[in-house]
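J.:
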Amino acid sequence: MLVRRTILIGLATTMLAGCQTIGQTTPPVAIGTIRVDTGPLAAKGQSATAAQIKPMLERELASLRSARGATLQVTVSGLYLTSYAGGAAATLGNDTLESEAVLVGPDGRELARYPIMSIMAPSFSGAWYLPDINQRRIDALVANNAQWIRRAVGG
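If you want my numbering, it's the position in the sequence shown, counting the first as 1, plus 402.
1) Could you tell me which residues DSSP pairs with Arg-467 in its beta bridges?
2) Please state whether the Cβ-Cβ distance between Arg-538 and Leu-483 is less than 8 angstroms.
3) May I have the straight-line CA-CA distance separating Gln-454 from Leu-513, to the nearest angstrom?
4) Could you pull the DSSP bridge partners for Leu-474 from this structure?
5) Could you please give the first and the last residue of the uninterrupted beta strand (DSSP E) stretch that includes Arg-539?
6) Going by DSSP, what residue range makes up the alpha helix (DSSP H) through Ala-445?
7) Beta carbon of Gly-434, beta carbon of Gly-471: below 8 angstroms?
8) Is Val-438 near Leu-499, with beta carbons less than 8 angstroms apart?
9) Out of Val-506, Arg-515, Met-519, point me to the one whose CA is closest to Asp-497's CA.
10) To which residues does DSSP link Gly-528 through a beta bridge?
11) Would you kindly work out how many angstroms separate the C-alpha atoms of Tyr-531 and Leu-481, rounded to a whole number?
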């Protein structure tokens with residue numbers, strides 16, 4: 403019994419050794435400027451949606467801004483809305499919004515880089531038959547993405 407317990411504890415310790423999030427938080431970095439780039443999304447043929455997402459994400463992240471500090475550069479690279487007609491997605495997939503948040507210090511040096519992928523069920527935003535369902539799905543993804551960015555940068 404003692405040998406089995408020792409092996410299990412050793413195995414658990416080994417598995418958790420690589421996990422960096424247990425008990426650790428990212429120290430907050432003062433952010434003076436927030437820049438959102440939706441160019442990669444527009445280059446994929448989603449220019450109207452990219453133009454819509456940019457101010458939405460800027461508004462969501464505005465609470466991170468302080469008088470001066472690092473620059474937060476967020477690049478939105480992908481938006482995928484699955485086919486959805488109630489009950490379940492036709493492709494059995496989820497809606498996703500991909501971005502990357504980069505903290506750049508006042509000296510121009512990259513401080514941190516955080517790839518962010520928001521994944522949500524298409525049913526999360528309500529009834530599929532309402533005319534604004536796709537807009538509500540995008541709104542939910544942007545809010546979720548901003549929440550993960552705030553968490554990543556310690557805000």
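Using N, Cα and C, we set each Cβ at its ideal position, and we do this for glycine too.
T.: Considering the structure as presented:
1) Ile-433
2) no
3) 28 angstroms
4) Ile-436, Leu-505
5) No beta strand (DSSP E) contains Arg-539, which is instead part of the alpha helix (DSSP H) from 535-555.
6) 441-445
7) yes
8) no
9) Met-519
10) Beta-bridge pairing links Gly-528 to no other residue.
11) 21 angstroms
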